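> Got a structure for you, written out below as C-alpha cells; questions coming shortly.
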Amino acid sequence: MPMTAVEKVLAARSGRSELRAGEVVEPRPDFIMIHDGVVLSAKRELDQLGIDRLAHPERVMIVTDHEVIYPNPRSAERGALNRRAAKQWGVGRFYDVGQGGHGHIFPMESGLLLPGMFYFDNDRHSTNAGAIGAFGFRMGSEISRVLATGTNWVMVPKTVKLTLSGRARPGVFGRDIGFVIAKHLREGGSWGIDPDYRVLEFAGALDQFDLAQRTALCSSPTEVRAYGVFFPPSAAILAHATRVAQQPYTPVFPDEAAHYEARVALDISQIEPQVALPGGVHRAVDVSEVAGTKVDHAFIGSCGSGHYEDLQLAARALAGKRIAPGVRLMIAPGSERSTHRMLDDGLMKVFIEAGAVMLPAGCGVCNDGVIGPADSGEVSISTFAGNNTGRLGPKDAKLFLGNPATVAASAVAGMIVDARTVIDFLQ
90 MPMTAVEKVL AARSGRSELR AGEVVEPRPD FIMIHDGVVL SAKRELDQLG
140 IDRLAHPERV MIVTDHEVIY PNPRSAERGA LNRRAAKQWG VGRFYDVGQG
190 GHGHIFPMES GLLLPGMFYF DNDRHSTNAG AIGAFGFRMG SEISRVLATG
240 TNWVMVPKTV KLTLSGRARP GVFGRDIGFV IAKHLREGGS WGIDPDYRVL
290 EFAGALDQFD LAQRTALCSS PTEVRAYGVF FPPSAAILAH ATRVAQQPYT
340 PVFPDEAAHY EARVALDISQ IEPQVALPGG VHRAVDVSEV AGTKVDHAFI
390 GSCGSGHYED LQLAARALAG KRIAPGVRLM IAPGSERSTH RMLDDGLMKV
440 FIEAGAVMLP AGCGVCNDGV IGPADSGEVS ISTFAGNNTG RLGPKDAKLF
490 LGNPATVAAS AVAGMIVDAR TVIDFLQ
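Numbering (the numbering used here), first residue to last: 90 to 516.
Shown next as C-alpha cells:
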C-alpha cells in the first residue's frame, strides 16, 4: 500500500508493513527528548506516581537550551535539580549548560538525529526534525508517560503535500518562504486547509535548500498548529547525515501514489523578502511595506535561524559595520559546534566588532525574553521562532520577524530595511 513519509516512519517504528492516517499505534522511538524547563515537572509527576525508574533511560536525551544563562536563583535551582534527575534516572544523554546547544538544532548537526528517525519531544518545534527527513512527535506535559513506559499511543496524522516550484530570488530565504506558507495555512488562508494535527510534506524544487534553509521552512508551520513537517532528504542532506552519523540509519521517502488529504502548490520565485508583523508568523508582508520602522532591539538565533549558515548570512550584513546607536543586537548560535566555527572562521570577530552581544548556544532571547527582553513600547526585529504577544516580555513591545540578513541589516540601519540594499546576493 502506498504511504506518505510519516506513515512509513511510524509503520517502521510500530512493526507494521503499512499504515493509514487515523490508525492508532504505539511506536518505539529512537530517543525521547525533554528540554530543561520540563524536567522538574516530569520528575514531580513521576515521583507522585511512585515511579523512580524510566522504562528506557538509555534512549532519553535531556537538553539544556531554554535557560542556559540563569536569570535568577530559582532558575539556578532548576538547573541543579535537572542534574540530579539526570543522574538518578541514568539517562543516556544529558547536555548541560555549555554542552550541545539548542535541542532542535545540534542533534541534526552532530548525527544524533538522522533521516528516517522518530522521537517523542515535549516541545512543539520538534517539527524541525523534518529538515533532515525525520519525524518528531510533540507530547507537551504528557512526555512523563513516555518516560515511564517508553512510548505512547499515536494517531497517524493526515498529510498535506506542498509542492514548491521555481527558485528563490537572491536575498529570499527559508524564513521568508516559511512566513508565506504560514499565511496560506492560517485559518482563513488561501489554501483552505486546517493544519491542526496535520503533517506538511514538501515536494518539488527542494535541492536548492540546505539543512539551515530546510530548518527555517520547518519552523513557521508549527506556529499555526501544523503537527509535523517533512522534507525527503536530498543527496546533500544524506551526505551530511552519513558524514556525522553516530549510528546506522534508513532514510524514508514517500510513495508517489500515497494518499494525501490535500495537495497544494507554491511558486517561490514570486516571493519577496518578508517581515512577519507583531502577533503571529502568518502576518507576513513584503519588507518594503514596513521599511523605515525604527527598531530598538534585535536578535539572531532560535530554532528557526540558529544554524551556522544563518550566522554567515548575518555576518554579510554586519562585516565592517557598527550597529546603530540605541539598538541592541544579541546573537545566539544554535550549537556549540557553531560557536567553535565562529571562533575559527572569524565570524565571532565580525559580530563583536559590530557591537553585537554574543550569547551561549541555545534559545537565547526567544525563550520569552527571559534574558535580553525589550522595554515597554520598544520595537524589535528578530529571527524568533514566533512573535506572539508578550514573547519579548512586555505585552506592548512590538516584535517583527525577518530572515537573518534582514535582522542584521536593520540593526545597522536602526530601522527595518531590505537587506538587498546593503548586500549583493548575486556575488
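C-beta: ideal position from N, C-alpha, C; glycine also. None of these values were measured; they are calculated from a predicted model.
Could you tell me the boundaries of the alpha helix (DSSP H) in which Ile441 lies?
The sequence position of residue 441 within the sequence shown is 352, counting from 1. Segment 436-443, the alpha helix (DSSP H) holding Ile441.
> Lys272: buried (16+ other C-beta within 10 angstroms of its C-beta) or exposed?
The sequence position of residue 272 within the sequence shown is 183, counting from 1. Under this definition Lys272 is a buried residue.
> State the start and end residues of the unbroken alpha helix (DSSP H) segment that holds Lys410.
In the sequence shown, the residue the question calls residue 410 occupies position 321. Careful: Lys410 lies outside any alpha helix (DSSP H) and carries neither H nor E.
> In the DSSP assignment, find the alpha helix (DSSP H) that holds Leu170 and state where it starts and stops.
Stepping through the sequence shown from its first residue, residue 170 is reached at position 81. Start and end: 162-178.
> Three-state secondary structure (DSSP) at Ala315?
One-based indexing of the sequence shown puts residue 315 at position 226. Residue state, collapsed to three classes: strand.
> Ile151 and Asn171 - do their beta-carbons sit closer together than 8 Å?
As a first step, residue 171 must be located in the sequence shown, where it is residue number 82. As a first step, residue 151 must be located in the sequence shown, where it is residue number 62. Yes, these two residues count as a Cβ contact at 8 Å.
> For a test of the three-state rule: what should DSSP assign to His124, helix, strand or coil?
Residue mapping note: residue 124 aligns to position 35 of the sequence shown, counting from 1. His124: strand per DSSP, three-state reduction.
> Can you name, in chain order, every residue of its own chain whose Cβ lies under 6 Å from the Cβ of Ser103, other than the five neighbours on each side?
The residue given as residue 103 occupies position 14 in the sequence shown. Closer than 6 Å at Cβ, skipping near neighbours: Val114, Pro116.
> Just the C-alpha distance for Arg417 and Val506, rounded to the nearest angstrom, thanks.
In the sequence shown, residue 417 corresponds to position 328, counting from 1. In the sequence shown, residue 506 corresponds to position 417, counting from 1. Each residue's Cα considered, the two are about 16 Å apart.
> Taking C-alpha atoms, which residue in Glu96, Met504, Ala450 lies nearest to Thr382?
Along the sequence shown, one-based indexing puts residue 382 at 293. Taking only the C-alpha atoms, the option nearest Thr382 is Met504.
> Below 8 Å, can you find three or more Cβ-Cβ pairs linking the segment 444-462 to the segment 276-289?
Contact between the segment 444-462 and the segment 276-289 is absent, because fewer than three Cβ pairs lie under 8 Å.
> Relative to the alpha-carbon of Ser424, which residue among Leu143, Val157, Val261, Arg133 has its alpha-carbon at the smallest distance?
If you number the sequence shown from 1, residue 424 lands on position 335. Selected option, being the one with the closest Cα: Val157.
> Please give the ranges of any alpha helix (DSSP H) in the segment 249-337, keeping only runs that are unbroken, at least 4 residues long and fully inside the region.
Counting only runs of 4 or more, we get 263-274, 300-308, 324-333.
> Between which two residues does the beta strand (DSSP E) holding Phe226 run?
For the purposes of this step, residue 226 is identified with residue 137 of the sequence shown, where counting begins at 1. That run of the beta strand (DSSP E) goes 224-227.
> Less than 8 Å separating the beta-carbons of Gly225 and Val333?
In the sequence shown, the residue the question calls residue 225 occupies position 136. In the sequence shown, the residue the question calls residue 333 occupies position 244. The answer is no: Cβ separation not under 8 Å.
> Does the structure place the segment 361-379 close enough to the segment 481-496 that three or more beta carbon pairs sit under 8 Å?
Touching, yes.
> Measure the C-alpha to C-alpha separation of Ala315 and Val288 and round it to an integer number of angstroms.
The residue you call residue 315 lines up with position 226 of the sequence shown. The residue you call residue 288 lines up with position 199 of the sequence shown. Taking the straight line joining both Cα atoms gives about 6 Å.
> Please identify the residue among Thr240, Val341, Asn161 whose C-alpha is closest to the C-alpha of Phe320.
Locating residue 320 in the sequence shown gives position 231, where the first residue counts as 1. That would be Val341, whose Cα lies nearest to the Cα of Phe320.
> Taking all protein chains shown into account, do 16 or more other C-beta atoms lie within 10 angstroms of the C-beta of Tyr338, making it buried, or fewer, making it exposed?
Here residue 338 refers to the residue found at position 249 of the sequence shown. By the neighbour-count rule (16 or more Cβ atoms within 10 Å), Tyr338 is buried.
> Based on Cα-Cα distance, which residue from Leu138, Ile357, His429, Ala474 lies nearest to Gly260?
In the sequence shown, the residue the question calls residue 260 occupies position 171. Closest option to Gly260, Cα to Cα, is Ile357.
> Per DSSP, which residues does Tyr184 bridge with? Please list them.
The residue given as residue 184 occupies position 95 in the sequence shown. Tyr184 is bridged to Val152.
> What does DSSP give as the partner residues of Lys383 in its beta bridges?
The residue you call residue 383 lines up with position 294 of the sequence shown. Per DSSP, Met504.
> If I follow the unbroken alpha helix (DSSP H) through Val95, where does it start and stop?
Taking the sequence shown and counting its residues from 1, the one referred to as residue 95 is at position 6. It spans 94-102 - the alpha helix (DSSP H) in which Val95 sits, taken as one unbroken run.
> Which class does Ser391 belong to by DSSP, given the choice of helix, strand or coil?
What you label residue 391 is simply residue 302 of the sequence shown in a count that begins at 1. Looking at Ser391 - three-state DSSP - the assignment turns out to be coil, as it is neither helix nor strand.
> Thinking just about the alpha-carbon of each residue, which of Gly179, Asp434, Ala165, Arg227 is nearest to the one in Pro118?
The residue given as residue 118 occupies position 29 in the sequence shown. Considering only alpha carbons, the answer is Arg227.
> With 16 as the cutoff for other CB atoms within 10 Å, does Ser106 come out buried or exposed?
Taking the first residue of the sequence shown as position 1, residue 106 is located at position 17. Ser106 should be labelled exposed.
> Using the rule of at least 16 other Cβ atoms within 10 Å of the residue's Cβ for burial, across every protein chain shown, is Ile441 buried or exposed?
Numbered from its first residue, the sequence shown carries residue 441 at position 352. Ile441 should be labelled exposed.
> What would DSSP say about Leu432, mapped onto helix, strand or coil?
Counting from one through the sequence shown, the residue named residue 432 turns up at place 343. Helix at Leu432.
> Would you kindly check if the distance between the Cβ of Leu129 and the Cβ of Arg167 is under 8 Å?
The residue labelled residue 167 in the question sits at position 78 within the sequence shown. The residue labelled residue 129 in the question sits at position 40 within the sequence shown. For Arg167 and Leu129, yes; Cβs fall inside 8 Å.
> Output needed for Val379: all residues of its chain with C-beta closer than 6 Å, excluding positions within five of it in sequence on either side, in chain order.
By one-based count along the sequence shown, residue 379 stands at place 290. For Val379, where only same-chain residues beyond five positions count, the Cβ hits under 6 Å are Val364, Ile505.
> In whole angstroms, what is the alpha-carbon distance linking Ala408 and Gly126?
In the sequence shown, the residue the question calls residue 408 occupies position 319. In the sequence shown, the residue the question calls residue 126 occupies position 37. Rounded to the nearest angstrom, the two C-alpha atoms are 36 Å apart.
> Ignore the nearest five residues each way along the sequence and tell me which others in Pro414's own chain have a CB closer than 8 Å to its CB.
Sequence index remark: in the sequence shown, residue 414 carries index 325 (1-based). Gly503, listed in sequence order.
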